[in-house]
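In our numbering, the protein residues as written are 854 to 1004.
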């Protein structure tokens, strides 16, 4: 059947078995051409991507240089401030603060004792003033008796 079929195109006559043999070959060729074209397009896309990466890597290098200088500055600041020695300094300061708080507590206790003593002294001063006034009155009375014994 297919051997008897013929196709006439543009003055050419093609027999059925030629067409049957040519179709797989033409399909393979067209698939190969498409695959080659697609591969080539992917290659061009990768190539342009590489160019973009190379262009941007220059800015990354400058940023990396800036970052490196900032890191060095931070390291220098850490060394200058002796961050490793801060723990001992903090413990010393903590001990000093505890000592200061204890001394402050003692001073507050002394202050309250001084205030109580001041109160006692003031009351004694008032009593002594009263006694002094009474003694002065007694001496005045004695002096007046001595000056005029008949009164």
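No residue lacks a Cβ here, since even glycine has one placed at the ideal position from N, Cα and C.
Look up residue i in the DSSP assignment and give the residues it is bridged to.
i: residue 919; result: Per DSSP, none; premise fails for residue 919.
i: residue 865; result: 862
Please return the same chain residues whose Cβ sits closer than 6 Å to the Cβ of residue i, not counting the five positions on each side in sequence.
i: residue 858; result: 869
i: residue 886; result: none
i: residue 860; result: 867
i: residue 989; result: none
Leaving aside the five residues before and after residue i along the sequence, list all residues of the same chain whose C-beta is less than 7 Å from its C-beta, in chain order.
i: residue 995; result: none
i: residue 944; result: none
Excluding the 5 residues preceding and the 5 following residue i in the sequence, name in chain order all residues of the same chain whose CB lies nearer than 8 Å to its CB.
i: residue 916; result: none
### Query
Which whole runs of the alpha helix (DSSP H) in the region 965-996 are 4 residues long or more, in chain order?
none
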